[in-house]
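Okay, so here's the structure we're looking at.
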Amino acid sequence: MSISKAIEKVEARYAHQPEFIQAVKEVAITIKPLYDAHPEYDKLKVFERLVEPDRVFGFRVNWEDDNGEVQINRGWRVQFSNALGPYKGGLRFHPTVNQSVLKFLGFEQIFKNALTGLPIGGGKGGSDFDPKGKTDSEIRRFCYAFMRELHHYVNKDMDVPAGDIGVGGREVSYMFAMYKNLTRESTGVITGKGVGFGGSLMRTEATGYGAVYFLQNMLAAQNESIEGKKVLVSGAGNVSLHAAEKATLIGAIVLTVSDSKGTIYDAKGLNQEKIDWLKVQKDQHKPLADYVEVFGGEWMADQKPWSIKADIAIPSATQNEINEEDAKLLVDNGVKYIVEGANMPLTAEAIDYIRLHRVHYAPGKAANAGGVAVSALEMSQNSVRQYQTFEQVDERLQGIMKDIHDSSAQASEMYGQTDQGYIDYMSGANMVGFKRVADALVAFGILN
Ligand code: NDP
Ligand code: 2IT
378 MSISKAIEKV
388 EARYAHQPEF
398 IQAVKEVAIT
408 IKPLYDAHPE
418 YDKLKVFERL
428 VEPDRVFGFR
438 VNWEDDNGEV
448 QINRGWRVQF
458 SNALGPYKGG
468 LRFHPTVNQS
478 VLKFLGFEQI
488 FKNALTGLPI
498 GGGKGGSDFD
508 PKGKTDSEIR
518 RFCYAFMREL
528 HHYVNKDMDV
538 PAGDIGVGGR
548 EVSYMFAMYK
558 NLTRESTGVI
568 TGKGVGFGGS
578 LMRTEATGYG
588 AVYFLQNMLA
598 AQNESIEGKK
608 VLVSGAGNVS
618 LHAAEKATLI
628 GAIVLTVSDS
638 KGTIYDAKGL
648 NQEKIDWLKV
658 QKDQHKPLAD
668 YVEVFGGEWM
678 ADQKPWSIKA
688 DIAIPSATQN
698 EINEEDAKLL
708 VDNGVKYIVE
718 GANMPLTAEA
728 IDYIRLHRVH
738 YAPGKAANAG
748 GVAVSALEMS
758 QNSVRQYQTF
768 EQVDERLQGI
778 MKDIHDSSAQ
788 ASEMYGQTDQ
798 GYIDYMSGAN
808 MVGFKRVADA
818 LVAFGILN
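Written as structure tokens, this is what we have:
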């Protein structure tokens with residue numbers, strides 16, 4: 378069976394890339410019923426092909442800090458699969474970035490992007506540059522230097538990056554400016570641009586809002602509503618604050634947000650004023666802990682949010698932020714729904730534990746696909762050189778999240794994974810995403 382051979386090969390060849398192995402194994406285990414039903418996948422070694430990126434570019438980035446000292450970072454772009462469209466996926470700037478992290482993100486991105494139903498392939502990139510403590514001019518010089526290298530590998534019809542951890546509107550603008558400067562082209566080569574120079578309305582909100590739309594569909598499938606439900610959100614970045622915002626707007630009580638320093642626990646729940654304050658605080662790189670002086674609540678230094686009683690958790694910070702111990706805490710504290718705003722926030726052991734305890738679980742590929750979906754809408758707006766309104770994009774986003782929910786639930790049912798109303802979204806989403814890519818590869822023969 379070529380799936381197990383593929384895992385063995387990946388484990389031997391990439392023993393030093395644990396995050397990548399983790400992401401590959403999750404997909405491998407869950408697509409088995411689909412793979413068994415399609416002998417052509419095995420014959421053409423579709424899975425073995427998909428675990429090896431089309432190509433990985435690595436480069437050095439020299440830049441000058443405010444003291445005139447030369448700094449040197451590493452940068453990469455992983456072009457994983459363009460079976461369904463141009464390589465598409467974000468750029469992450471964080472000191473933990475390495476090839477293992479970017480390959481896990483790029484691998485997941487292939488299937489996430491396929492789930493959106495839009496014509497986009499999968500890719501990811503970034504740098505081990507640490508934006509923390511850097512001045513605006515240092516960020517600008519780094520972004521320019523990074524794009525001076527990256528521009529060789531990206532193009533609006535071939536590979537279209539966007540943001541991720543450490544890369545938001547400011548960084549995208551600097552990189553876009555350098556791309557325009559070098560190529561003299563004004564195209565949609567990167568998404569998440571400022572509204573007014575090619576960016577789509579709602580891209581900023583899309584990932585967090587989309588995750589909450591997915592959650593609404595999950596709740597509806599269990600005849601429940603979000604009204605009055607207590608929610609734990611981790612992270613205090615783009616995804617977290619917009620997930621918290623949408624959840625609050627539709628009647629949930631969001632008790633926490635967090636960052637690498639600790640957790641804010643506000644038993645009264647967030648409101649728009651508090652969320653707006655948090656957005657400004659994070660934009661200005663000021664401490665989250667200041668919150669308690671302004672709004673009250675508790676600052677839990679060096680702690681994650683998972684020890685608090687709640688109904689729903691939306692982990693939205695980073696990979697493997699919920700381990701088995703955390704998963705036990707969540708189950709003990711009554712959490713019945715986990716929706717992944719981040720990419721791979723649960724370890725494999727945590728996933729096993731929460732599934733065993735029948736916690737309804739939406740994997741990141743499905744739940745956080747709203748961001749890349751609106752990126753794809755930004756690409757199409759750029760191609761026709763027109764803008765859509767906030768309401769138009771929001772309506773598309775809601776439709777896309779519902780489609781991802783429904784198709785994943787249907788696949789779970791069809792392949793015998795739904796158990797007395799407990800929908801296996803992880804298997805369903807992996808099978809739907811994988812099938813779309815695999816069918817394209819079969820149609821192409823042995824190219825791609
Ligand atoms: P941001 O940079 O805006 O925010 C990241 C947040 O997570 C910050 O609060 C940060 O805290 C916290 N965080 C990051 N790393 C760690 C860590 N190692 N330990 C504890 N806290 C950490 O990133 P995004 O909101 O864009 O991304 C968050 C997650 O969502 C990532 O997994 C990303 O891949 C995923 N995602 C993002 C999408 C997007 O459109 N932006 C789309 C789909 C998924 P601190 O400031 O202290 O570092
Ligand atoms: O993980 C992700 O889906 C993203 N960081 C967004 C990718 C994109 O191209 O918008």
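So the sequence shown is numbered by the numbering used here: it starts at 378 and just counts up by one.
Built from N, CA and C at the ideal position, the CB exists for glycine as well.
request  = May I ask whether a heavy atom of ligand 1 can be found less than 6 Å away from the beta carbon of Leu-542?
outcome  = The amino acid at residue 542 is misidentified as Leu; the sequence shows Ile. Yes, since a heavy atom of ligand 1 falls inside the 6 Å radius drawn around the Cβ of Ile-542.
ask   = Between Gly-798 and Ser-785, is the Cβ-Cβ spacing less than 7 Å?
value = no
key: Enclosing beta strand (DSSP E) for Trp-683 [first to last residue]   = It is not in any beta strand (DSSP E) - Trp-683 carries neither H nor E in the DSSP assignment.
query = Among all the DSSP beta bridges, which residues are the ones paired with Lys-329?
reply = Here the chain covers residues 378 to 825 and nothing more, so residue 329 does not appear.
key: Helix, strand or coil at Val-631 according to DSSP, with G and I counted as helix   = strand
request  = Return helix, strand or coil for Val-814, following the three-state DSSP convention.
outcome  = helix
ask   = For Asn-450, which option in Lys-465, Leu-461, Thr-473, Gln-593 has the closest C-alpha, if you only look at C-alpha atoms?
value = Thr-473
message = Going by DSSP in three states, Met-791 sits in which element: helix, strand or coil?
response = helix
Secondary structure of His-393, DSSP reduced to three states = coil
ask   = Secondary structure at Glu-622, three-state DSSP: helix, strand or coil?
value = helix
task = Give me whichever residues DSSP pairs with His-737 in a beta bridge.
result = Tyr-714
task = Give a yes or no on whether the C-beta atoms belonging to Pro-430 and Asp-536 are separated by under 7 Å.
result = no
task = Give the DSSP-derived three-state secondary structure of Leu-495 in the structure shown.
result = coil
ask   = Is Arg-813 buried or exposed, if buried means 16 or more other CB atoms sit within 10 Å of its CB?
value = buried
inquiry  = Strictly by DSSP, which residues pair up with Asp-636?
reply    = Gly-639
task = Measure the alpha-carbon distance for Val-455 versus Met-579 and round it to whole angstroms.
result = 26 Å
inquiry  = Taking its Cβ as the centre, do 16 or more other Cβ atoms sit within 10 Å of Lys-465, making it buried, or is it exposed?
reply    = buried
query = Measuring from the CB of Ser-693, is there a heavy atom of ligand 2 at a distance below 6 Å?
reply = no
request  = Please name the residue in Asp-660, Ala-621, Asp-688, Ile-406 whose C-alpha comes closest to that of Asn-648.
outcome  = Ala-621
query = Which one of Leu-495, Ser-379, Tyr-586, His-529 has the shortest CA to CA distance from Gly-810?
reply = Leu-495
ask   = Taking 6 Å as the cut-off, does the CB of Asp-636 come closer than this to any heavy atom belonging to ligand 1?
value = yes
ask   = Using DSSP with H/G/I as helix, E/B as strand and the rest coil, what is Ala-743?
value = helix
query = How should Ala-690 be labelled, buried or exposed, when 16 other C-beta atoms within 10 angstroms of its C-beta is the threshold for buried?
reply = buried
query = Could you give the uninterrupted runs of the beta strand (DSSP E) lying entirely in the segment 552 to 618, keeping only those of 3 residues or more?
reply = 607 to 610
key: Alpha-carbon spacing of Asp-505 relative to Met-552, whole angstroms   = 16 Å
inquiry  = Closer than 8 Å is the cut-off here; do at least three beta carbon pairs connect the segment 685 to 703 with the segment 718 to 732?
reply    = yes
request  = Decide if His-662 is buried, meaning its Cβ has at least 16 other Cβ atoms within 10 Å, or exposed.
outcome  = exposed
task = Name the residue from Ser-757, Leu-618, Ile-781 whose alpha carbon lies nearest to the alpha carbon of Glu-650.
result = Leu-618
message = When you measure from the CB of Gly-466 to every non-hydrogen atom of ligand 2, does any distance come out below 6 Å?
response = yes
query = With C-beta atoms as the reference, is Ile-777 less than 7 Å away from Thr-493?
reply = yes
query = Do you know offhand how far Asp-636's Cα is from Val-616's?
reply = 12 Å
task = Pick helix, strand or coil for Phe-506, following the three-state DSSP scheme.
result = coil
ask   = Excluding sequence positions up to five away, which residues of its chain have a Cβ less than 6 Å from the Cβ of Leu-706?
value = Trp-683, Ser-684
ask   = What is the DSSP secondary structure of Asn-677, reduced to helix, strand or coil?
value = Asn is not the amino acid found at residue 677; the sequence shown has Met there. DSSP places Met-677 in strand when its eight states are reduced to three.
ask   = How should Gly-336 be labelled, buried or exposed, when 16 other C-beta atoms within 10 angstroms of its C-beta is the threshold for buried?
value = In this structure the chain extends from 378 to 825, so residue 336 is not present and cannot be described.
task = Use the C-beta contact count for Arg-773: other C-beta atoms within 10 angstroms, 16 or more gives buried, fewer gives exposed.
result = buried
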